[in-house]
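Protein chains in written order, with this note's numbering: chain A, 185 to 517; chain B, 185 to 517. Don't be surprised by glycine CBs; every beta carbon is placed ideally from N, CA and C.
There are 2 protein chains.
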Amino acid sequence: MDNKKLTIDDIARELQISKTTVSRAISGKGRIGQETREKVLRYIKENNYKPSAIARGLAQSKTFNISLVMPGDSSLVDLPFYHNFLWGISNTASKSDYDVIISMVSEKDITQLVRLIENNKVDGVVLGRTLEEDIAEKYLKQKGIPFVTAGSSLDPTVIQVDNDHRSACRELTSVLFSKRIRRVALIGSDMKTIVSKNRLAGFRDACTEFNVFMEDDLIYLDMDSETKIEEAVEDILKKNVECIICMDDYICGCVLEKLEKENVNIPEDIKVASFYDSSLLESRQSVNLSLKFNVTEIAAACCNTLLSHIDKKDVPVKTLLGYEVVIREATQS
Amino acid sequence: MDNKKLTIDDIARELQISKTTVSRAISGKGRIGQETREKVLRYIKENNYKPSAIARGLAQSKTFNISLVMPGDSSLVDLPFYHNFLWGISNTASKSDYDVIISMVSEKDITQLVRLIENNKVDGVVLGRTLEEDIAEKYLKQKGIPFVTAGSSLDPTVIQVDNDHRSACRELTSVLFSKRIRRVALIGSDMKTIVSKNRLAGFRDACTEFNVFMEDDLIYLDMDSETKIEEAVEDILKKNVECIICMDDYICGCVLEKLEKENVNIPEDIKVASFYDSSLLESRQSVNLSLKFNVTEIAAACCNTLLSHIDKKDVPVKTLLGYEVVIREATQS
DNA sequence: CTGAAAGCGCTTACAG
DNA sequence: CTGAAAGCGCTTACAG
Numbered sequence: 185m186d187n188k189k190l191t192i193d194d195i196a197r198e199l200q201i202s203k204t205t206v207s208r209a210i211s212g213k214g215r216i217g218q219e220t221r222e223k224v225l226r227y228i229k230e231n232n233y234k235p236s237a238i239a240r241g242l243a244q245s246k247t248f249n250i251s252l253v254m255p256g257d258s259s260l261v262d263l264p265f266y267h268n269f270l271w272g273i274s275n276t277a278s279k280s281d282y283d284v285i286i287s288m289v290s291e292k293d294i295t296q297l298v299r300l301i302e303n304n305k306v307d308g309v310v311l312g313r314t315l316e317e318d319i320a321e322k323y324l325k326q327k328g329i330p331f332v333t334a335g336s337s338l339d340p341t342v343i344q345v346d347n348d349h350r351s352a353c354r355e356l357t358s359v360l361f362s363k364r365i366r367r368v369a370l371i372g373s374d375m376k377t378i379v380s381k382n383r384l385a386g387f388r389d390a391c392t393e394f395n396v397f398m399e400d401d402l403i404y405l406d407m408d409s410e411t412k413i414e415e416a417v418e419d420i421l422k423k424n425v426e427c428i429i430c431m432d433d434y435i436c437g438c439v440l441e442k443l444e445k446e447n448v449n450i451p452e453d454i455k456v457a458s459f460y461d462s463s464l465l466e467s468r469q470s471v472n473l474s475l476k477f478n479v480t481e482i483a484a485a486c487c488n489t490l491l492s493h494i495d496k497k498d499v500p501v502k503t504l505l506g507y508e509v510v511i512r513e514a515t516q517s
Numbered sequence: 185m186d187n188k189k190l191t192i193d194d195i196a197r198e199l200q201i202s203k204t205t206v207s208r209a210i211s212g213k214g215r216i217g218q219e220t221r222e223k224v225l226r227y228i229k230e231n232n233y234k235p236s237a238i239a240r241g242l243a244q245s246k247t248f249n250i251s252l253v254m255p256g257d258s259s260l261v262d263l264p265f266y267h268n269f270l271w272g273i274s275n276t277a278s279k280s281d282y283d284v285i286i287s288m289v290s291e292k293d294i295t296q297l298v299r300l301i302e303n304n305k306v307d308g309v310v311l312g313r314t315l316e317e318d319i320a321e322k323y324l325k326q327k328g329i330p331f332v333t334a335g336s337s338l339d340p341t342v343i344q345v346d347n348d349h350r351s352a353c354r355e356l357t358s359v360l361f362s363k364r365i366r367r368v369a370l371i372g373s374d375m376k377t378i379v380s381k382n383r384l385a386g387f388r389d390a391c392t393e394f395n396v397f398m399e400d401d402l403i404y405l406d407m408d409s410e411t412k413i414e415e416a417v418e419d420i421l422k423k424n425v426e427c428i429i430c431m432d433d434y435i436c437g438c439v440l441e442k443l444e445k446e447n448v449n450i451p452e453d454i455k456v457a458s459f460y461d462s463s464l465l466e467s468r469q470s471v472n473l474s475l476k477f478n479v480t481e482i483a484a485a486c487c488n489t490l491l492s493h494i495d496k497k498d499v500p501v502k503t504l505l506g507y508e509v510v511i512r513e514a515t516q517s
């Protein structure tokens, strides 16, 4: 069905022009006559010519591939995020004729990424998550590979794209406060992560703004296991709290389960808010208030920033994206 | 930090030999003196030389990339599978110095895949799922691109790797029958999919083997919505059934939820078995009997089969992999 | 066992 | 505006 692959040489011969000219017509670089260009372009279209990405790569020492590194050990709750993120990156990349090679790493094993880099298979990489002590980040920086992180990094020199978690959390908390809900408890996750710190900061911003004094015994941090979360909930239930704010969707899931187990009604007995809204939560139960971040948007921003960076264009070191406060008044029980 | 990239030319000059020889030492192809080879290899190791995959690609007209195509619209339940599958493929591929480029398609849109193929960015592809009318499969076949499907295809000429669903389901059902459990109901999913047909066939095999006559009104097929499944469960509960067999994990999840809602106890009041066991189910509740398929194993098989196929080696058209019957007697209520 | 040379399919100074 | 030529970094007949 497919006859021999067409090359730039074939076209040049067929059209009686040099391959230099053909190349220029395609790339759009360099002066070229309007007429000649159109002739070439027409021929290309008619004969369905596709330049060999690999040959172009060799000539320009580029691969037209980027890598998305994602945690191979990510938990169930994170999967929808990575799936959508991958989709977004892949879609955006293809618009610039780039493709994405996956590399899966764990907190302490980045061999897949190293292979990719050493074999020169990619022009740049986007780091799907940021860790405080990130060996992948360190490695890329040291190698001088263009890269962008999704999520904030503590290193001010790395190019990062993130949602404005701090503002978002401040705003969500403000919504509660302005509804005269003051007795709120906060259940936080691993405070070693950067995003947790930002969320907590946003929460405190709102407290300051509304002049609400947060009692420390209503703030539960580092609740990194289901057991701890359940205990926190039990504790909270004794304290006449109006609303539980969960720092992420995993916590929120556990809280909802626990409340159900305890036969506590939402929102009559207590309200629940979450600083992160995932598809996992969405399908499960009604959270009264939550934050939604647009995964496609952050993926596109990461990808485009990286591609510009690869092309040596100036890019902002830090891109902060918006969010949406979702108010879901539970009408059905 | 990194000095200039080393090339084969540099090595040749440094070692006072021809680059042909260097190339041969690296690839291991062609005759070469033991001593010379070792000298080259040592130099390479010491200076951390890595051949340019892209140059090698051009010379051999290969990319050393394969593509994994996966559904961009896959549902929550399928995510863990694809995540593990991706990990498996990626790991296996890297052992042969291949990398995997992701392409996400939907049932009717395979533009991402088409781009990849037309731009010659991959040497082959593994299809992450099979559809009865699969445009991706059709496209690849017509283009003559080496590909392998994970899951069965109706087209006997396509190279496929699958678990032996039929035997697995026969065996699981047999376990029930041999425990003298005879009043079983089957809730099946979309019968248009190939895997559903195989599972049903396995179920019927067991019936025949044990001489059990299956009443049609205990078999619920095409239960493709939560509502339908719930109705099926309601119906089943009236019929004095001992065990519900769910054709997949999604159905099983719904069934468990419904039973809980109806305050039916498992396994006292009724047992539940599933023809597919996913991590989603696992974390949720206790299913008495289920089938486990090793995702890593199928990923490795897909990948290795594809790589052999790319190398023009003979590969089996159909590879059937094993399964594990998981008997989980619920001890806690 | 080893090498000179052509080639993979593009791009890009350089010259006109 | 257009072309001849060198080059990107490998591989592989072909010849010795």
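- With a cut-off of 8 Å on Cβ pairs, the segment 435-445 of chain A is not in contact with the segment 232-242 of chain A, counting fewer than three such pairs.
- Residue pairing from DSSP places A:A369 in a beta bridge opposite A:I428.
- Using beta-carbon distances, A:L311 does not count as an interface residue toward chain B, since no partner is under 8 Å.
- By the criterion of a C-beta distance shorter than 6 Å, A:Y404 is surrounded in its chain by I371, A416, once the five residues flanking it on both sides are discounted.
- The C-beta distance from A:N382 to A:S337 rounds to 12 Å, too long to meet the 8 Å contact threshold.
- Against chain B, the beta carbon of A:K305 has neighbours under 9 Å at A237, I238, F248, N249, D283, listed in chain order.
- Within the DSSP secondary-structure output, B:F331 pairs in a beta bridge with B:V309.
- Interface annotation, A:G214: not in contact with chain B, CB-CB separation never under 8 Å.
- For B:I365, the CB contacts under 6 Å within the same chain, skipping 5 residues up- and downstream, are E426, C427 in chain order.
- The shortest CA-to-CA distance from A:K422 to any of A:C436, A:L402, A:M431, A:I429 is the one to A:L402.
- Neighbours of A:S274 across chain B, judged by C-beta separation under 8 Å: I286, S287, M288, Q296.
- By the rule that beta-carbons nearer than 8 Å mark a contact, A:K322 does not touch chain B.
- Shown here, A:Y323 sits in a helix according to DSSP, grouped into three states.
- For B:S211, the nearest beta carbon of chain A is not closer than 8 Å to its own beta carbon.
- DSSP places B:P264 inside the alpha helix (DSSP H), whose first and last residues are 263-279.
- Here A:S362 is exposed, its C-beta having fewer than 16 other C-beta atoms within 10 Å.
- For A:T411, the closest alpha carbon among the candidates A:A457, A:G506, A:A209, A:S373 is that of A:S373.
- In this structure, the beta-carbon distance from A:V306 to A:Y434 does not fall below 8 Å.
- Out of B:A484, B:L504, B:F459, the CA that lies nearest to the CA of B:L473 is found in B:F459.
- If you compare the alpha carbons of A:V359, A:N303, A:D400, A:G437 with that of B:Y233, the shortest gap goes to A:N303.
- Contact check for A:R299 against B:S278 passes: the beta carbons are separated by less than 8 Å.
- Between A:C438 and A:I413, the C-beta gap is smaller than 8 Å, which places the two residues in contact.
- Bounds of the alpha helix (DSSP H) holding A:D419 are 410-421.
- At a cut-off of 8 Å between C-beta atoms, A:K234 counts as an interface residue with respect to chain B.
- Interface flag for A:G308 against chain B is unset, since no Cβ pair is found closer than 8 Å.
- Nearest Cα to B:L190 within the set B:C353, B:R208, B:K229: B:K229.
- Within chain B, the residues placing a beta-carbon under 7 Å from that of A:H267 are L263, ordered along the chain.
- In chain order, S278 make up the part of chain B whose C-beta sits under 7 Å from the C-beta of A:R299.
- Cβ-Cβ distances below 8 Å link A:F397 to C391 in the same chain, with the five nearest sequence neighbours on each side left out; the list follows chain order.
- Fully enclosed alpha helix (DSSP H) runs of no fewer than 4 residues occupy 433-445, 463-466, 479-494 of the segment 432-510 of chain A, in order along the chain.
- Non-local beta-carbon contacts of A:K327 in its own chain, meaning distances under 7 Å to residues more than five positions away in sequence, involve I301 in chain order.
- Per DSSP, the unbroken beta strand (DSSP E) holding B:D283 starts and ends at 283-289.
- Here B:V342 carries a coil assignment [DSSP, helix/strand/coil].
- Boundaries of the alpha helix (DSSP H) harbouring A:L356: 349-362, taken from the DSSP string.
- Listed along the chain, the chain A residues whose CB falls inside 9 Å of the CB of B:E302 are N232, K234.
- The C-beta distance from B:R313 to B:A334 rounds to 7 Å, short enough to meet the 8 Å contact threshold.
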